[in-house]
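Here the protein sequences come in this chain order: A and B.
Mapping of the first sequence onto the numbering used here: residues 1 to 300, in sequence order.
Mapping of the second sequence onto the numbering used here: residues 1 to 324, in sequence order.
Encoded as structure tokens, the structure appears first; notes follow it.
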Amino acid sequence: MPQIFRRGRFWIQLGVVVALMAFGGLLINNITVNLIRTGLGLDFGWLWRPAGFALAETALPYAPTDSYAWALVIGWMNSLKVILVGLLLATMLGVAAGAARSSRNRLLRSLSGGYVALIRQVPLLLQLLFWYFVAFLGLPDTPVGGLIHFSNQGIRLLGLNLSVEFCSVLTGLVVFTGASIAEIVRGGINAVSLGQWEAFRSLGLLEGVGLRRIVLPQALPAILPALTSQFLNLAKNSTLAIAVGYADLYAVSDTTITQTGRAIEGFLLLLLSFLLLNLLISGGMALMNGAVLGRLQRSR
Amino acid sequence: MNRWLDRWLTLMLLALLGWAGWSCLHWLWRGADWTVVVTNLPLYAVGSYPEAERWRPLLCIVAVVVLIVITLLGTRHGEWRRSLPLLWSAMAPLGIWLLAGGLGLSPVGTQSWGGFSLTLLLTAGSGLLALPLGIVLALGRRSDLPVLRGGSTAYIELMRAIPLIAVLFFGQLLIPLFLPPGVEINRVLRAVVAFALFAAAYIAEDVRGGLQAIPPTQREAAAVLGLSPRQSLQLVVLPQALRVALPSLTNQAVGLLQNTSLMAILGLVELLGISRSLLANPAFIGRYLEVYIWLAAVYWLACTAMALLARHLEIQLDPVRSAR
Numbered sequence: 001m002p003q004i005f006r007r008g009r010f011w012i013q014l015g016v017v018v019a020l021m022a023f024g025g026l027l028i029n030n031i032t033v034n035l036i037r038t039g040l041g042l043d044f045g046w047l048w049r050p051a052g053f054a055l056a057e058t059a060l061p062y063a064p065t066d067s068y069a070w071a072l073v074i075g076w077m078n079s080l081k082v083i084l085v086g087l088l089l090a091t092m093l094g095v096a097a098g099a100a101r102s103s104r105n106r107l108l109r110s111l112s113g114g115y116v117a118l119i120r121q122v123p124l125l126l127q128l129l130f131w132y133f134v135a136f137l138g139l140p141d142t143p144v145g146g147l148i149h150f151s152n153q154g155i156r157l158l159g160l161n162l163s164v165e166f167c168s169v170l171t172g173l174v175v176f177t178g179a180s181i182a183e184i185v186r187g188g189i190n191a192v193s194l195g196q197w198e199a200f201r202s203l204g205l206l207e208g209v210g211l212r213r214i215v216l217p218q219a220l221p222a223i224l225p226a227l228t229s230q231f232l233n234l235a236k237n238s239t240l241a242i243a244v245g246y247a248d249l250y251a252v253s254d255t256t257i258t259q260t261g262r263a264i265e266g267f268l269l270l271l272l273s274f275l276l277l278n279l280l281i282s283g284g285m286a287l288m289n290g291a292v293l294g295r296l297q298r299s300r
Numbered sequence: 001m002n003r004w005l006d007r008w009l010t011l012m013l014l015a016l017l018g019w020a021g022w023s024c025l026h027w028l029w030r031g032a033d034w035t036v037v038v039t040n041l042p043l044y045a046v047g048s049y050p051e052a053e054r055w056r057p058l059l060c061i062v063a064v065v066v067l068i069v070i071t072l073l074g075t076r077h078g079e080w081r082r083s084l085p086l087l088w089s090a091m092a093p094l095g096i097w098l099l100a101g102g103l104g105l106s107p108v109g110t111q112s113w114g115g116f117s118l119t120l121l122l123t124a125g126s127g128l129l130a131l132p133l134g135i136v137l138a139l140g141r142r143s144d145l146p147v148l149r150g151g152s153t154a155y156i157e158l159m160r161a162i163p164l165i166a167v168l169f170f171g172q173l174l175i176p177l178f179l180p181p182g183v184e185i186n187r188v189l190r191a192v193v194a195f196a197l198f199a200a201a202y203i204a205e206d207v208r209g210g211l212q213a214i215p216p217t218q219r220e221a222a223a224v225l226g227l228s229p230r231q232s233l234q235l236v237v238l239p240q241a242l243r244v245a246l247p248s249l250t251n252q253a254v255g256l257l258q259n260t261s262l263m264a265i266l267g268l269v270e271l272l273g274i275s276r277s278l279l280a281n282p283a284f285i286g287r288y289l290e291v292y293i294w295l296a297a298v299y300w301l302a303c304t305a306m307a308l309l310a311r312h313l314e315i316q317l318d319p320v321r322s323a324r
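This is how it looks when you write it as structure tokens:
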């Protein structure tokens, strides 16, 4: 433990507490003055009033006459939908691209390297706008064998209607996060000693089988913790959906705050939602981490 | 069998690349119309800055570019080398002075700042504010005083839980509420403050990683030499920790530059914001692809330059190399 502040530590702590309290008191005083001045108090009663705005995409029945609280729940569902599908697809893309970096095929290797180098140096927001305005709104009307139907109204997949907004947010998040995950997977694979590769090759295993059964399982302990933070990033970045008009949690909160003027309450609700979401993701990943480490231990 | 798979894969990839390349060429030859970019280059660079004063933000950009080139290609002259850190640290105040005016230049309000110069300013300003705050937070989290440790940890974890856009939005909305009535700070400054508060939490974690990498023996050695705890932190621990943290700090800096684009959602006319208003202009309707490719190229170049600079700095600071 650091030895700084050892002398007079009590006084330093007291000083910090007093300074923080003075600063906090000043802020609270200012905010009360301002709230009184603008006639806004801290109050959550508006949550039960009718929202009055329509949402383009609803997982559960919703009408503008429903309450703000219900609108926020719908926003939650939309966020969860794009985050969960995004996590799954981004992991798949990331693992594929990361594994391709250690492929024997030079073309595949450099293609994957180019993908990572390009995507990671361009802002996500710009990519989302590209996917929305250029890629998905520019889709020609093409039915593909009755199973998939592309059009600039969205994609119909086996009777499942995916809106343009959902598709562009999902694609943007998956492509962007996939590039980061690819780097993590590459790092994890590099951490596995070269002897393991030589060993399975000398056993006559195919490259793909060896990667899946020998190398990746050993790379997992190095990959999983970094993967968790990428998953959290994906969840946080999903709020950029507002730029393309996808009604996610943040977009609904934004509309709610603009209509009711309840910035502080709205912010508190959003903060709580994201804390919950973070807990869910990191909790789930901790469980998975434990399971993977346990399995590795048992197999040794 | 394996070889056949390999050949088949190569062929497929070549076909894919060929198709992509051909459609790109076709679009470039037939469809692309770059007037939206070419005629608006001044807007992209400086925004709606008053015409007569445009040399100021332009000078700012040119100075940064020249400084980057000098640093990277670098003369071997010791004189130049030694003055580089000084030049870099003079850059931010100089840029603010050039943009804002005052002290002999006519003042220009922040509402007419825009384009690439605003992007640079947002990045540099918030980075400069966030770094010291992040270091303090990291030291606080490693401190053995419960109050300091708890406070810093709570701040870092809360900030890292919420998305940046929410921080920026509520920064614009809430910072005025927390100020005494009558005191107002403008939108650009609010953005810089909100950005810095957000980035500090991430920087703190990177610096903490660096601090953890320094073995306790360093501190003990410093104590044996008679350095006070403060001197040991300042002269021994922190410089080494920052050097260890440099690669991840670079990532943060690149992220910061990319994230300034979020200000477009909140109505600042930095690089992306200017493009949004241009695309709303009926003269350039539907020219999304040209504008986005151009923007992607600018951001890509800026981020790559930043990464190169950091790599350069890493080599410069490498103890093995500088000991020679």
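From the three backbone atoms N, C-alpha and C, an ideal C-beta is built for every residue, glycine too.
Can you find a C-beta in chain B that's less than 8 Å from the C-beta of A:F5? Counting from one through the first sequence, the residue named residue 5 of chain A turns up at place 5. The predicted position of A:F5 is uncertain, since its pLDDT is 47 and thus under 50; a value taken from the coordinates is nonetheless stated next. So, interface residue.
Would you say A:M1 faces chain B, with C-beta separation under 8 Å as the test? Locating residue 1 of chain A in the first sequence gives position 1, counting from the first residue. Because A:M1 sits at a pLDDT of 45, beneath the cut-off of 50, its placement in the model cannot be relied upon, and the following sentence gives the value as read from the coordinates. Yes, because at least one Cβ of chain B sits closer than 8 Å to the Cβ of A:M1.
Compute the beta-carbon to beta-carbon distance between A:I281 and A:F231, rounded to the nearest angstrom, for a pair I have assumed lies under 8 Å. Position 281 of the first sequence holds residue 281 of chain A. Position 231 of the first sequence holds residue 231 of chain A. Indeed they touch by this definition, with Cβ atoms about 5 Å apart.
How many angstroms separate the CA atom of B:L158 from the CA atom of A:W70? Stepping through the second sequence from its first residue, residue 158 of chain B is reached at position 158. Stepping through the first sequence from its first residue, residue 70 of chain A is reached at position 70. Annotation: B:L158 to A:W70 spans about 26 Å, alpha carbon to alpha carbon.
Would A:F176 pass as an interface residue toward chain B - the criterion being a Cβ-Cβ separation below 8 Å? By one-based count along the first sequence, residue 176 of chain A stands at place 176. No, no contact with chain B.
Quick one: list the residues of chain B neighbouring A:L271, beta-carbon separation under 7 Å, in chain order. What you label residue 271 of chain A is simply residue 271 of the first sequence in a count that begins at 1. Those within 7 Å of A:L271 in chain B are I162.
Starting from A:F150 and walking both ways along the beta strand (DSSP E), at which residues does that stretch end? Stepping through the first sequence from its first residue, residue 150 of chain A is reached at position 150. Residues I148 to S151.
Quick one: is B:F170 buried, meaning 16 or more other Cβ sit within 10 Å of its Cβ, or exposed? Here residue 170 of chain B corresponds to residue number 170 of the second sequence, with the count starting at 1. Its Cβ being crowded by 16 or more others within 10 Å, B:F170 is buried.
Which partner residues of A:T142 appear in the DSSP bridge assignment? Here residue 142 of chain A is taken as the residue at index 142 of the first sequence, counted from 1. Its beta-bridge partners are A:F150.
Under a CB-based cut-off of 8 Å, is A:N105 close to chain B? As a working mapping, residue 105 of chain A is identified with position 105 in the first sequence. Taking Cβ atoms only, chain B reaches closer than 8 Å to A:N105, which makes this a yes.
If we define contact as Cβ-Cβ less than 8 Å, is B:R324 a contact residue for chain A? Reading the second sequence from its first residue, position 324 is the one you call residue 324 of chain B. Confidence at B:R324 is low in this model, with a pLDDT of 49, below 50, so its placement is unreliable and the value that follows should be read with caution. Not one chain A Cβ lies under 8 Å of B:R324.
Quick check on DSSP: helix, strand or coil for A:R298? What you label residue 298 of chain A is simply residue 298 of the first sequence in a count that begins at 1. Residue state for A:R298 is assigned as helix, using DSSP reduced to three classes.
Can you check DSSP and say which residues form a bridge with A:N161? On the first sequence, residue 161 of chain A is found 161 positions in, with the first residue counted as 1. According to DSSP, A:N161 bridges with A:R156.
How long is the line joining the alpha carbons of A:A51 and A:G45, rounded to whole angstroms? Taking the first sequence and counting its residues from 1, one reaches residue 51 of chain A at position 51. Taking the first sequence and counting its residues from 1, one reaches residue 45 of chain A at position 45. A:A51 and A:G45: Cα-Cα distance of roughly 12 Å.
Give me the DSSP bridge partner(s) of B:S115. Here residue 115 of chain B corresponds to residue number 115 of the second sequence, with the count starting at 1. Per the sequence shown, the amino acid found at residue 115 of chain B is Gly instead of Ser. B:G115 is bridged to B:E270.
Answer yes or no: does any C-beta atom of chain B fall closer than 8 Å to that of A:Y115? Within the first sequence, the letter at position 115 stands for residue 115 of chain A. False, the Cβ-Cβ gap to chain B never drops below 8 Å.
Among the residues of its own chain, which have a CB less than 7 Å from the CB of B:W34, if the five just before and after it don't count? Here residue 34 of chain B refers to the residue found at position 34 of the second sequence. Its chain contains E290 as the residues whose beta carbon lies nearer than 7 Å to that of B:W34, once the 5 sequence neighbours on both sides are disregarded; these appear in chain order.
Identified DSSP bridge partners for A:S67: Walking along the first sequence from the start, residue 67 of chain A turns up at place 67. Paired residue(s): A:P50.
In the DSSP assignment, find the unbroken alpha helix (DSSP H) run with A:A56 in it and report its ends. Position 56 of the first sequence, counted from the start, is the residue given in the question as residue 56 of chain A. Segment: none, A:A56 is in no alpha helix (DSSP H) and carries neither H nor E.
Beta-carbon spacing of A:F53, A:I119 below 8 Å: For the purposes of this step, residue 53 of chain A is identified with residue 53 of the first sequence, where counting begins at 1. For the purposes of this step, residue 119 of chain A is identified with residue 119 of the first sequence, where counting begins at 1. Result no, Cβ atoms of A:F53 and A:I119 do not sit closer than 8 Å.
What are the residues in the region 236-269 of chain A lying within 9 Å of chain B by C-beta distance? Listed by position, the residues of the region 236-269 of chain A near chain B (Cβ gap below 9 Å) are K236, N237, S238, T239, L240, I242, A243, Y250, S253, D254, I257, A263, I264, G266 and F267.
What does DSSP give as the partner residue(s) for A:G15 in the beta ladder? Start at 1 with the first residue of the first sequence, and residue 15 of chain A comes out as number 15. Bridge partners of A:G15: none, in fact.
Between B:L233, B:N259 and B:L58, which lies nearest to B:Y299 when the distance is taken from Cα to Cα? Walking along the second sequence from the start, residue 299 of chain B turns up at place 299. Of the listed residues, the one whose Cα sits closest to B:Y299 is B:N259.
Kindly indicate if chain B contains any beta-carbon less than 8 Å away from that of A:Q196. Sequence index remark: in the first sequence, residue 196 of chain A carries index 196 (1-based). With 8 Å as the cut-off, A:Q196 does not count as an interface residue toward chain B.
Grab the span of the alpha helix (DSSP H) containing B:N259 for me, first residue to last. Position 259 of the second sequence, counting from 1, holds the residue named residue 259 of chain B. Element bounds for B:N259: L238 to N259.
Spatial neighbours of A:T256 in its chain, beta-carbon cut-off 8 Å, leaving aside the 5 residues before and after: Within the first sequence, numbered from 1, the residue matching residue 256 of chain A stands at position 256. Taken in chain order, the residues that qualify are A51, Y68, A71, L72, R262 and G266.
Short of 9 Å Cβ to Cβ, which residues in the region 133-167 of chain A face chain B? F133, V134, L137 and G138
Where the alpha helix (DSSP H) through B:E184 begins and ends: Taking the first residue of the second sequence as 1, we reach residue 184 of chain B at position 184. No alpha helix (DSSP H) contains B:E184, which DSSP labels as neither H nor E.
Using beta-carbon positions only, say whether B:R54 and B:V66 come within less than 8 Å of one another. As a position in the second sequence, residue 54 of chain B is number 54, starting the count at 1. As a position in the second sequence, residue 66 of chain B is number 66, starting the count at 1. Against a cut-off of 8 Å, the Cβ pair of B:V66 and B:R54 comes out as no contact.
In three-state terms, what does DSSP make of B:M1? Counting from 1 along the second sequence, the entry for residue 1 of chain B is found at position 1. Confidence at B:M1 is low in this model, with a pLDDT of 48, below 50, so its placement is unreliable and the value that follows should be read with caution. In this structure, B:M1 counts as coil in the three-state DSSP scheme.
Near A:R213, what residues of its chain come up, given a Cβ to Cβ distance below 7 Å and the 5 sequence neighbours on each side ignored? Position 213 of the first sequence holds residue 213 of chain A. Answer for A:R213: no residue qualifies.
Quick one, which of B:R3, B:A92, B:A253 and B:L99 has its alpha-carbon nearest B:Y202's? Here residue 202 of chain B corresponds to residue number 202 of the second sequence, with the count starting at 1. The shortest C-alpha separation from B:Y202 is found at B:A253.
Which chain B residues sit within Cβ distance under 8 Å of A:Q230? The residue you call residue 230 of chain A lines up with position 230 of the first sequence. Listed along the chain, the chain B residues whose CB falls inside 8 Å of the CB of A:Q230 amount to none; the nearest CB is some 13 Å away.
Taking 8 Å as the CB-CB limit, is B:L137 close to chain A? Against the second sequence, residue 137 of chain B aligns to sequence position 137. No, its Cβ sits nowhere closer than 8 Å to a Cβ of chain A.
Distance between A:L124 and A:G138 (C-alpha atoms, nearest Å): Translated into the one-based positions of the first sequence, residue 138 of chain A becomes position 138. Translated into the one-based positions of the first sequence, residue 124 of chain A becomes position 124. Just so you know, the alpha carbons of A:G138 and A:L124 end up roughly 20 Å apart.
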